[in-house]
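Visitor:
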Amino acid sequence: MERVVPETADMSLALLSLGAITRGWWRGNTPLILGCDDPQAYLEGWCFMGAIVGRIANRDSGAAFDLDGKRHGPKENVGPNQLDGGPGGLWNRSWMVEDAGPTKARLSCRSLDGEGDDPGAVDVVLSVTRGTDSLTCGMGTRPDRPTPLTLAPAHPLLLRRGGGCAILAGACRFCSGDRRRLVPAR
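FYI, the numbering for the sequence shown is 10 to 195, going by this note's numbering.
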């Protein structure tokens, strides 16, 4: 697992090649996102935290979809559903560090045709640029044919409240859905 650390005196960032995980983002000594101190923890159960998730981010109800008249059955990983790309999702893949410097990093990953029963091969690129007091993340994809594709960063943000920090609750807390099947309403 490779570690990339673009930093200056005011801001630093730690990325991992596993899942393109943003392990930490700090302004001075203040953490801005939640991350594990030990990168090994991501291999032992903190799988989605800080990672780029997909090929289908969020939950795929019933872990199945139809495309061009063919039924596809991505692998289930949460009950009868697929969460954030399933067990072989982008969060669980080794990404290649293409470029890394003091203010930027670029990581890429190739998802092959048929992996997890997803049709088509997809090349994915994550670009991260750190400004003086900003962070810009860009994601790009290039599928070789039509395929469902939704990517998302799973970065738990920390919000300052007074002198301390509080975790920003996940969006699922604010949307309605079928709680028995663990899927958002369509």
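Idealized CB from N, CA, C, for every residue including glycine.
Measuring CB to CB, does Ser117 end up less than 8 Å from Val133?
Guide: yes
Visitor: Whole-angstrom Cβ separation of Asn90 and Ser70, contact assumed at under 8 Å?
Guide: 6 Å
Visitor: Is it right to say Thr31 is buried, meaning 16 or more other beta carbons lie within 10 angstroms of its own, or is it exposed?
Guide: buried
Visitor: For Asp93, count neighbouring C-beta atoms within 10 Å of its own C-beta (all shown protein chains included) and say buried if the count is 16 or more, exposed if not.
Guide: buried
Visitor: How should Thr141 be labelled, buried or exposed, when 16 other C-beta atoms within 10 angstroms of its C-beta is the threshold for buried?
Guide: Looking at its Cβ environment, which holds fewer than 16 other Cβ atoms inside 10 Å, Thr141 is exposed.
Visitor: Going by other Cβ atoms of all chains shown within 10 Å of its Cβ, with 16 needed for buried, is Met20 buried or exposed?
Guide: Counting of Cβ neighbours within 10 angstroms places Met20 among the buried residues, the total reaching 16 or more.
Visitor: In the DSSP assignment, what residue or residues form a beta bridge with Pro152?
Guide: Val131
Visitor: Once DSSP output is grouped into helix, strand and coil, what is the label at Leu24?
Guide: strand
Visitor: Taking the C-alpha atoms as reference points, what is the distance between Met10 and Ser103?
Guide: Spanning the alpha carbons of Met10 and Ser103 requires a straight line of approximately 8 Å.
Visitor: Can you find the residues in the same chain that come closer than 8 Å, C-beta to C-beta, to Ile42, ignoring five residues on each side of it along the sequence?
Guide: Thr31, Gly33, Trp34, Gly59, His164, Pro165, Leu166, Leu167
Visitor: Where Leu27 and Arg115 are concerned, what is the direct C-alpha to C-alpha distance, given to the nearest angstrom?
Guide: Each residue's Cα considered, the two are about 13 Å apart.
Visitor: Identify, in the order they occur along the chain, each residue of the same chain with its Cβ nearer than 6 Å to the Cβ of Ser136, setting aside the five sequence neighbours on each side.
Guide: Arg115, Gly147
Visitor: Have a look at the DSSP bridge pairing and note the partners of Asp229.
Guide: What the structure shows of the chain is the stretch from 10 to 195, and residue 229 is not part of that stretch, so it cannot be assessed.
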